[in-house]
Structure formats: structure tokens, C-alpha cells
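Those sequence lines, one after another, are chains A and B.
Position 13, counted from 1, in the first sequence is what the working numbering calls 20; the numbers after and before it change by one each time, with no gaps.
Position 57, counted from 1, in the second sequence is what the working numbering calls 64; the numbers after and before it change by one each time, with no gaps.
There are 2 protein chains.
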Amino acid sequence: MSSERISDAELTIMEILWERAPLTATDVAARLPDDRDWSLPTVKTLLSRLLTKAAVEHRADGRRFLYSPLIDREDYVSHESKRLVDRLFGGRFMPLVAHLAEQEKLSDADISEIERLLREMKS
Amino acid sequence: MSSERISDAELTIMEILWERAPLTATDVAARLPDDRDWSLPTVKTLLSRLLTKAAVEHRADGRRFLYSPLIDREDYVSHESKRLVDRLFGGRFMPLVAHLAEQEKLSDADISEIERLLREMKS
DNA sequence: AATCTCCGACTACAGATGTAGTCGATTCGA
DNA sequence: TCGAATCGACTACATCTGTAGTCGGAGATT
């Protein structure tokens with residue numbers, strides 16, 4: 008909800024918390040993906056920025072904090088998708104889908120899979 | 008191509024040049040959308056940043072410069088779309104479609120359209 | 001109790017971004 | 001020809017972002 012943008016680095020932290028929460032700062036640092044080899048202070052900085060952005064909350068546990076996401080991944084994903092679509096496709100989702108479908112080399116199997124999914128959706 | 012990211016403000020300039028080029032800085036400023044009421048110096052700053060990012064080029068015309076885009080809108084759109092899909096959907100196309108369909112961002116008509124598109128691709 | 005260790009808070013700092021101002025040179029209009 | 005308008009170059013500056021360091025205090029260890 009909060010319209011503060013979440014940066015790339017911050018998103019890395021959010022993904023960790025979305026997968027499992029609550030976690031301490033140290034726990035979060037331990038779960039960083041391999042390509043994000045950050046120091047603990049860095050993780051703490053990012054967590055505190057996420058706190059001020061109201062994207063996560065923390066609860067005291069002894070003298071540590073346990074962090075949990077405050078915003079839903081689904082909501083975030085929707086928000087960012089909409090942002091891209093607004094910026095690049097005049098606000099319409101279809102052109103994005105069409106564009107990606109054209110770009111992507113989908114195998115026949117992929118296509119069948121998507122077709123199946125769509126059929127299910129069309130209820 | 009050039010992997011330098013184009014910022015939001017810079018994108019506004021690119022859109023103007025994609026629609027019509029070459030243009031002088033003053034021309035660009037004159038074509039700003041209503042919600043971007045920037046001063047001429049601002050436009051010039053953005054143009055020069057785009058120059059160093061090799062996103063536009065300029066050619067002297069008397070004592071002015073005529074600016075033209077160096078990167079294709081299609082390429083940019085592809086790049087940014089892929090970035091979104093990578094960041095939020097693990098690089099896979101189907102989860103995006105599923106997400107959009109679930110959020111009801113896609114109408115039944117859209118879905119039929121996608122199906123048609125897929126059928127065509129399956130050649 | 002003295003020390004060590006770990007925590008959160010605060011500070012740091014370079015680069016990117018949004019937004020604009022100044023200034024010397026040039027050209028155009030009178 | 002002389003001032004006015006205009007141009008590009010350079011400078012400015014607050015905020016955000018990526019990345020990390022320092023420090024005082026609370027707990028744990030001996």
C-alpha cells in the first residue's frame with residue numbers, strides 16, 4: 008500500500024522475509040542469495056530503511072528484533088506490474104503479455120501449459 | 008543495448024524523441040506532457056545524461072544540437088519487461104500471466120486473445 | 001566482577017536522480 | 001553596431017540508493 012518505492016537491494020531483503028518470517032537481522036543475512044554477499048551492517052541498514060518505509064515491522068525478542076513483512080508479496084507484485092504497464096504500455100496489460108509472448112521463445116510444451124492454465128481460468 | 012539504466016525522468020525525454028526526432032532541446036521541452044512541467048535547464052540536463060548513457064545522440068545544427076534516440080523503443084521495452092519478469096516472476100512468463108489473470112487484469116476477451124496468439128505461435 | 005561478544009543506533013560516503021541556476025558566447029533584431 | 005535572446009557547458013544541491021563502519025550498551029563467559 009505505502010507508495011514508498013522499494014529499491015532493488017531492499018527487494019532482496021523482502022524476498023527473504025516473504026519466504027520465511029519472522030527473522031532476525033542475522034537470520035536475514037544468513038539467507039542472502041549467493042550473488043548478494045552483504046555485510047551484516049548493510050542488511051541492518053536495509054531493514055531499517057524498510058521499517059521507515061513501513062514495508063516491514065519488527066517486534067522485540069529479548070534484545071533482538073524479529074522482522075516481518077508488512078506488505079503482501081502479491082500486492083507488491085501487482086503494484087510493480089501495474090507501474091511497468093503504465094510506464095511502457097499505456098496502462099494496458101494485454102500489450103505486455105503479447106510483447107513477452109512474442110519475445111519469448113516458448114516451446115510447444117510451454118504453450119500448451121499456458122493454454123491449459125488459461126482454460127482453467129476462464130472457468 | 009547499453010546497460011545503463013534510464014531513469015523515470017529520462018524516459019519522459021526518450022518518449023518524446025521516440026515519437027519524433029530529431030528535436031532540439033527547446034523542442035523537447037515544448038513537447039513535455041502536462042504533468043512534467045520542467046524548466047529548459049532540466050530538459051538539457053536530462054538530455055546530456057542520456058548522451059553520456061549513449062541512449063541518444065546529437066548532431067550540430069548551426070549552434071544548436073539536434074537530438075535523436077540511439078536505442079529502439081522496442082528494445083527498451085523488451086529489456087524492462089524482462090527485468091520485471093526476472094525480478095518478480097523468477098524469469099518465467101507463465102506466472103506473470105497467472106498473476107494477471109488472477110488479479111482480473113485480463114478480461115475473458117484478453118485471455119481469448121492470448122490463446123489466439125499462442126495458437127499462431129505454435130505454428 | 002571483568003571481559004568478550006553481539007545488537008541496534010547512528011554515521012559515512014560515493015554515485016544516481018530530480019530539479020534547476022549561472023555564465024560566456026553567439027546570433028538576431030533594431 | 002549594440003543590446004536582447006538563446007544556446008550549450010558547467011555548477012548546484014537535496015534525496016535516494018548501495019554499501020559499510022563505529023560505538024555504547026546489554027548479555028554471556030570465565
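No residue lacks a Cβ here, since even glycine has one placed at the ideal position from N, Cα and C.
Output yes or no for whether 8 Å exceeds the beta carbon distance between ILE20 of chain A and LEU54 of chain A. Walking along the first sequence from the start, residue 20 of chain A turns up at place 13. Walking along the first sequence from the start, residue 54 of chain A turns up at place 47. Going by beta carbons, ILE20 of chain A and LEU54 of chain A fall inside the 8 Å limit.
For SER75 of chain B, the residue or residues it bridges with in DSSP: As a first step, residue 75 of chain B must be located in the second sequence, where it is residue number 68. Its beta-bridge partners are B:GLU64.
Option in A:LEU107, A:ARG80, A:GLU81 with minimal Cα separation from VAL92 of chain A: Mapped onto the first sequence, residue 92 of chain A falls at position 85. Per the Cα distances, A:LEU107.
Can you pull the DSSP bridge partners for LEU30 of chain B? Within the second sequence, residue 30 of chain B is the residue found at index 23, counting from 1. DSSP, once it has assigned bridges, lists B:TYR74 as partnering LEU30 of chain B.
Out of B:HIS86, B:THR31, B:GLU17, B:ASP44, point me to the one whose CA is closest to ARG56 of chain B's CA. Stepping through the second sequence from its first residue, residue 56 of chain B is reached at position 49. Relative to ARG56 of chain B, the option among B:HIS86, B:THR31, B:GLU17, B:ASP44 whose CA is nearest is B:GLU17.
Rounded to whole angstroms, what's the CA-CA distance from LEU124 of chain A to ARG66 of chain A? Just pull it up for me. Reading the first sequence from its first residue, position 117 is the one you call residue 124 of chain A. Reading the first sequence from its first residue, position 59 is the one you call residue 66 of chain A. Distance between the alpha carbons of LEU124 of chain A and ARG66 of chain A is about 40 Å.
At a CB-CB cut-off below 8 Å, which residues of chain B make contact with LYS115 of chain A? Taking the first residue of the first sequence as position 1, residue 115 of chain A is located at position 108. For the sequence presented, residue 115 of chain A should be read as Asp rather than Lys. Chain order gives the chain B residues near ASP115 of chain A as LYS129, where near means a beta carbon separation below 8 Å.
Closer than 8 Å to chain A by CB, LEU141 of chain B: For residue 141 of chain B there is no data in the structure shown, the boundaries of chain B being 8 and 130.
From what residue to what residue does the alpha helix (DSSP H) around GLU120 of chain B run? On the second sequence, residue 120 of chain B is found 113 positions in, with the first residue counted as 1. First-last of the alpha helix (DSSP H) with GLU120 of chain B: 115-128.
Round the Cβ separation of ALA28 of chain B and SER88 of chain B to the nearest angstrom and send it over; I've been treating them as touching at under 8 Å. For this step, residue 28 of chain B is matched to residue 21 along the second sequence. For this step, residue 88 of chain B is matched to residue 81 along the second sequence. That belief does not hold up - the Cβ atoms of ALA28 of chain B and SER88 of chain B are roughly 23 Å apart, past 8 Å.
The alpha helix (DSSP H) enclosing PHE100 of chain A, as first and last residue numbers: The sequence position of residue 100 of chain A within the first sequence is 93, counting from 1. Segment 100-110, the alpha helix (DSSP H) holding PHE100 of chain A.
Which two residues bound the contiguous alpha helix (DSSP H) that contains PHE96 of chain A? For the purposes of this step, residue 96 of chain A is taken as the residue at position 89 of the first sequence. For PHE96 of chain A, there is no enclosing alpha helix (DSSP H), as DSSP marks it with neither H nor E.
Alpha carbon to alpha carbon, how far is PRO102 of chain B from LEU95 of chain B? In the second sequence, counting from the first residue as 1, residue 102 of chain B sits at position 95. In the second sequence, counting from the first residue as 1, residue 95 of chain B sits at position 88. Rounded to the nearest angstrom, the two C-alpha atoms are 9 Å apart.
I'd like to check one pair, ARG71 of chain A with THR31 of chain A: are the Cβ atoms closer than 8 Å? Here the question's residue 31 of chain A lines up with position 24 in the first sequence. Here the question's residue 71 of chain A lines up with position 64 in the first sequence. When the beta-carbon positions are compared, THR31 of chain A and ARG71 of chain A come within less than 8 Å of each other.
Strictly under 8 Å for the Cβ-Cβ distance: is SER14 of chain B near chain A by that measure? By 1-based counting over the second sequence, the position of residue 14 of chain B is 7. Taking Cβ atoms only, chain A never reaches closer than 8 Å to SER14 of chain B, which makes this a no.
What in chain A is Cβ-close to GLU17 of chain B, meaning under 9 Å? Counting from one through the second sequence, the residue named residue 17 of chain B turns up at place 10. Going along chain A, no residue has its Cβ under 9 Å from GLU17 of chain B, so there is no contact; the nearest lies around 12 Å.
For ALA61 of chain A, count neighbouring C-beta atoms within 10 Å of its own C-beta (all shown protein chains included) and say buried if the count is 16 or more, exposed if not. By 1-based counting over the first sequence, the position of residue 61 of chain A is 54. By the neighbour-count definition (other C-beta atoms within 10 Å, threshold 16), ALA61 of chain A is an exposed residue.
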